[in-house]
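Its first residue numbered 8, the sequence shown is counted upward by one per residue in this note's numbering.
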Amino acid sequence: MTYSAILLVGGMGTRLHPLTKTTPKPMLNVAGVPFIEHQIVRAREAGVSEIVLATSFLAELFQPHFGDGSAFGISIKYSIETQALGTGGAIRHASSSLSGTGPVIIFNGDVLSGHDLAGQIEFHINREADVTLYLTSVPDARAYGAVELVGDRVIAFNEKMEKPPTNIINAGCYVFNRDVINEIPDGKVVSVERETFPTLLVDSRRVFGYVDGSYWLDIGTPTALIKASQDLVLGVVESAATPAHQGDFLVAPGAIVGDGTKISVGSTIGRGALIGTDCIIEGSNIGAGAVIGSGTVLRNSYVANGCQVPAGTLGNSCYLGF
Ligand code: GDD
Ligand code: MG
8 MTYSAILLVG GMGTRLHPLT KTTPKPMLNV AGVPFIEHQI VRAREAGVSE IVLATSFLAE
68 LFQPHFGDGS AFGISIKYSI ETQALGTGGA IRHASSSLSG TGPVIIFNGD VLSGHDLAGQ
128 IEFHINREAD VTLYLTSVPD ARAYGAVELV GDRVIAFNEK MEKPPTNIIN AGCYVFNRDV
188 INEIPDGKVV SVERETFPTL LVDSRRVFGY VDGSYWLDIG TPTALIKASQ DLVLGVVESA
248 ATPAHQGDFL VAPGAIVGDG TKISVGSTIG RGALIGTDCI IEGSNIGAGA VIGSGTVLRN
308 SYVANGCQVP AGTLGNSCYL GF
């Protein structure tokens, strides 16, 4: 069985400013490749044959890398919102580019997870659901959509509230039946979290939760972005899109590392970067073409593409290059 999917990539990525003023969050390099490459390859592995990127902000930056998808073994199309339509409006708009009439898988374009997507799709079909949400648990649900369940049926959806009633959250991957997508108003700004889900629940539609406790991370903050890259390089979470590397760090082609420099703890050195001598790079992501002066020590830091870091810089949990 093959499936169609929509990847939501049109947000502004404000919590990652200024990094995301020129590069959309889903295109930021994470473990050496644009983040959504990890999601696209995972989707393909679960049987997705066609994926529409729902773009808006900096829409023109996706196609040069992903093209028609053939290099990634999947068909990739692009839907462009001239004005951001919100998550629900984006789904409706992108759906007109999909072939077929079967269920559609929707991904937030900033979630790294090890969840069983094929299992979620099978669950959706077996329950004859209208919509199935992938759910996970977090210690503090305030920044997310908190979900209330009875058995595996969703009975309430509470987007970003001060006192969430549960710590079970919307993990940002849904299976939608096509008729439910067609009910979303066309060409209007709609939030799937604040409008579509609550309306479906009021109407007693078949909305189910697929709870999966595998690795899960929303990369939307600087700390999470750095952690995602480390975890992929260290193999805490597996991705077939992570370039081959030996040991606990990744050096992309064309990067040069000076004598006496130690790289470790899931660091990535981007394409063509130049690292001086006697540096210590731990748990850090060095952007493509960046130049790091000798004797620099960076821990849990993110260095933007092309950034020049002076010799002898000491940085811990830094965000450099702006
Ligand atoms: N095309 C398009 N148009 N995409 C959009 C738009 C839009 O207007 N607005 C947001 N997106 C995309 C973003 O690019 C991102 O990939 C995804 O939708 C989710 O937006 P975020 O801004 O990252 O939302 P969030 O992290 O605050 O909350 C969402 O994700 C949580 C899980 O990480 C919600 O879905 C929560 O309910 C959920 O718990
Ligand atoms: Mg997010």
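Heads up, the beta-carbon is just placed ideally off N, CA and C, and yes, glycines get one too. Remember, it's a predicted structure, so these values are computed and weren't measured experimentally.
Does the beta-carbon of residue i have 16 or more other beta-carbons within 10 angstroms, so that it is buried, or is it exposed?
i           : result
residue 353 : Given that the chain is displayed from residue 8 to residue 329, the structure contains no residue 353 and the question cannot be resolved.
residue 260 : exposed
residue 312 : buried
residue 315 : exposed
residue 323 : exposed
residue 263 : exposed
residue 61  : buried
residue 236 : buried
residue 193 : exposed
residue 126 : exposed
Could you tell me the alpha carbon to alpha carbon distance between residue i and residue j, rounded to whole angstroms?
i           : j           : result
residue 37  : residue 209 : 39 Å
residue 116 : residue 178 : 11 Å
residue 109 : residue 257 : 39 Å
residue 77  : residue 102 : 21 Å
residue 172 : residue 155 : 7 Å
residue 280 : residue 293 : 7 Å
residue 182 : residue 205 : 16 Å
residue 105 : residue 190 : 16 Å
Tell me the DSSP bridge mates of residue i?
i           : result
residue 225 : 118
residue 36  : 41
residue 327 : 310
residue 181 : 113, 140
residue 269 : 287
residue 165 : 153
residue 58  : 12, 83
residue 215 : 139, 160
Quiz item: Is the region 246–260 in contact with the region 154–173, if contact means three or more CB pairs nearer than 8 Å?
Solution: No: fewer than three Cβ pairs fall under 8 Å.
Quiz prompt | Every unbroken beta strand (DSSP E) inside the region 286–322 [3 residues or more] | solution = Taking only runs of at least 3 residues, the beta strand (DSSP E) segments lying wholly in the region 286–322 are 287–289, 304–306.
Quiz item: If we count Cβ pairs, one from each stretch, closer than 8 Å, do we get three or more for the region 149–165 versus the region 74–92?
Solution: Output reads no: the region 74–92 does not touch the region 149–165.
Self-check item: Contact the region 20–34 vs the region 65–72: 3+ CB pairs below 8 Å
Solution: Flag = yes, the region 20–34 and the region 65–72 touch.
Quiz item: Are the region 198–209 and the region 89–106 touching by the rule of at least three beta carbon pairs closer than 8 Å?
Solution: With a cut-off of 8 Å, the region 89–106 and the region 198–209 count as touching, because enough Cβ pairs lie within range.
Self-check item: Inter-stretch contact (C-beta, 8 Å, three-pair minimum) for the region 133–149 and the region 231–240
Solution: Too few Cβ pairs lie closer than 8 Å, so no.
Quiz item: Taking one C-beta from the region 285–305 and one from the region 217–225 each time, how about it: are there three or more such pairs within less than 8 Å?
Solution: With a cut-off of 8 Å, the region 217–225 and the region 285–305 do not count as touching, because too few Cβ pairs lie within range.
Quiz item: Is the number of C-beta pairs between the region 286–300 and the region 264–272 that are closer than 8 Å three or more?
Solution: When C-beta atoms of the region 286–300 are compared with those of the region 264–272, three or more pairs fall below 8 Å, so the two segments count as touching.
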